[in-house]
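Peer 1: Before we start, here is the structure in question, set down as structure tokens.
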Amino acid sequence: MIVGGWILTIRDHLNNSTNPSGEQGYAALRHEPFPFERRLMMNPLDSNGTIQSNFVKKPSKVDDDAWTELLKYSNLRFTATELDSIDTARKNSAVQLPDGGYFGNVSVYHDLHCIKSIYRFLYTSHYYPTSTPEQIELRQLHIIHCLDMLRADIMCWGDLTPFTMQWSNSHRKPSANFSSPRQCVNWDAFSYC
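Numbering-wise, our numbering puts 592 at position 183 of the sequence shown, and it's gapless, one number per residue.
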């Protein structure tokens, strides 16, 4: 991620640090390029309409564990210098961590959090079975925020990878063939380096 002219990757080397709610596992930022790779994006549905992704199946422990693993490095620690490279005025409102640095995140993790929130909202009866109408309304406002942030981020990064349409035995209309190669961040290198 390019922030204030720096290319940032995440490094989880502060396992002894805790966030304000007492959870361990803050990640720190280090300044070096992260690798890209060409990758084929596949449709999460197979030719029989069966969901292949562990992120969008009906709620299960496998699905919940996949989301937990994906988002486990989303809490970041920014140094004062890194915060200044984003915006010098941010220190006035940034959450300062008790053992130094500032609590933060990067947009890709917020976007993933939003997708997870939308997914869970689709299964409200499973994830929020005792919610009051007021709580559901608050969650709906959060989903509206997420949808607009995702729209803005998609328009900002504007993936122009072309794809074609194809006929399928199970649909009367052509469906998208998303298997075009894309230039993607190497997610393993980005999130675990």
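Ideal placement from N, C-alpha and C gives every residue a C-beta, glycine not left out.
Just tell me which of V594, Q575, R591 has its CA closest to the CA of A585.
Peer 2: Locating residue 585 in the sequence shown gives position 176, where the first residue counts as 1. Closest option to A585, Cα to Cα, is Q575.
Peer 1: Between F587 and F572, how many whole angstroms is the CB-CB distance? I'm expecting something under 8 Å.
Peer 2: Looking up residue 587 in the sequence shown gives position 178. Looking up residue 572 in the sequence shown gives position 163. About 5 Å separates the two Cβ atoms, so the contact holds.
Peer 1: Measure from the alpha carbon of D473 to the alpha carbon of each residue in P542, Q505, H535, R486, then state which is nearest.
Peer 2: Numbered from its first residue, the sequence shown carries residue 473 at position 64. Ranking P542, Q505, H535, R486 by Cα distance to D473 puts H535 first.
Peer 1: Starting from R529, follow the alpha helix (DSSP H) in both directions and report where the run begins and ends.
Peer 2: As a first step, residue 529 must be located in the sequence shown, where it is residue number 120. From DSSP, the alpha helix (DSSP H) with R529 extends over 516-531.
Peer 1: Measure the C-alpha to C-alpha separation of V471 and R529 and round it to an integer number of angstroms.
Peer 2: On the sequence shown, position 62 is the one that residue 471 refers to. On the sequence shown, position 120 is the one that residue 529 refers to. Near 14 Å, if we compare the C-alpha coordinates of R529 and V471.
Peer 1: Between the Cα of R486 and the Cα atoms of T541, W476, P507, T477, which residue gives the shortest distance?
Peer 2: Looking up residue 486 in the sequence shown gives position 77. The shortest C-alpha separation from R486 is found at P507.
Peer 1: Pull up the distance between the alpha-carbon of W476 and that of H519, whole angstroms please.
Peer 2: Here residue 476 refers to the residue found at position 67 of the sequence shown. Here residue 519 refers to the residue found at position 110 of the sequence shown. Approximately 13 Å, taken between the alpha carbons.
Peer 1: What do you reckon, are the CB atoms on V517 and Y511 nearer than 8 Å?
Peer 2: Mapped onto the sequence shown, residue 517 falls at position 108. Mapped onto the sequence shown, residue 511 falls at position 102. For V517 and Y511, no; Cβs fall outside 8 Å.
Peer 1: Would you kindly work out how many angstroms separate the C-alpha atoms of E446 and V594, rounded to a whole number?
Peer 2: The residue labelled residue 446 in the question sits at position 37 within the sequence shown. The residue labelled residue 594 in the question sits at position 185 within the sequence shown. About 6 Å.
Peer 1: For A585, which three-state DSSP category applies?
Peer 2: Within the sequence shown, the letter at position 176 stands for residue 585. If DSSP states are grouped into helix, strand and coil, A585 belongs with the strands.
Peer 1: Considering only residues of the segment 541-594, which uninterrupted alpha helix (DSSP H) runs meet the minimum length of 4 residues and lie entirely inside it, listed in chain order?
Peer 2: Entirely contained in the segment 541-594, the alpha helix (DSSP H) runs reaching 4 residues are, in chain order, 542-566.
Peer 1: For E491 and V515, what's the separation of their Cα atoms in angstroms?
Peer 2: As a working note, residue 491 is residue 82 in the sequence shown. As a working note, residue 515 is residue 106 in the sequence shown. Computed Cα separation, rounded: 13 Å.
Peer 1: Can you give the Cα-Cα distance for Q433 and R560, rounded to whole angstroms?
Peer 2: Here the question's residue 433 lines up with position 24 in the sequence shown. Here the question's residue 560 lines up with position 151 in the sequence shown. Caution applies to Q433, whose pLDDT of 40 falls short of 50 and renders its modelled position unreliable; the value that the coordinates give is listed next. Near 32 Å, if we compare the C-alpha coordinates of R560 and Q433.
Peer 1: Could you check which residue in S589, P542, G513, Y532 has the C-alpha nearest to that of S631?
Peer 2: Given a span of 410 to 602 for the chain in the structure shown, any question on residue 631 remains unanswerable.
Peer 1: Can you name, in chain order, every residue of its own chain whose Cβ lies under 8 Å from the Cβ of L480, other than the five neighbours on each side?
Peer 2: Numbered from 1 along the sequence shown, position 71 holds the residue referred to as residue 480. Same-chain partners within the cutoff: Y518, L521, H522, K525.
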